[in-house]
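Residue numbers (my numbering): 4 to 123.
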């Protein structure tokens, strides 16, 4: 953690105000960076989701086709929830971040599995 020293002829109150502003700026920058990372993850998820939508399910058994469609539906739901949370511009909770990461990893796993085996 970085140590910040405020020097000069400031009163204790002025130093406290200055420190509060610096902390708010740091928090805002951290949140902007985090939001940017989550937007990038969502963009990648959307790209994967688009590819997953285009993958055929015709070669699956009935059980495999149902499982495939359920996973695609779950992924779409997680993705939409993450997008709406990001669009709300509210603060992102750890739960929101986990939802976004979960959607991304699920899409990535689904796509890789399909590419590797030709089925899910």
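Even for Gly, the Cβ is constructed at its ideal location relative to N, Cα and C.
Since the structure is predicted, the reported quantities are computational estimates derived from the model, not experimental observations.
Give me the Cα-Cα distance between residue 76 and residue 23, rounded to the nearest whole angstrom. C-alpha of residue 76 to C-alpha of residue 23: approximately 45 Å in a straight line.
Apart from the five residues just before and just after residue 91, which ones in its own chain have a Cβ nearer than 6 Å to its Cβ? If we look at residue 91 and ignore the five residues flanking it on each side, it has no Cβ neighbours.
Please state whether the Cβ-Cβ distance between residue 118 and residue 38 is less than 8 Å. Contact flag unset, no.
Is the CB-CB distance between residue 45 and residue 110 below 8 Å? Not a contact, by the Cβ cut-off of 8 Å.
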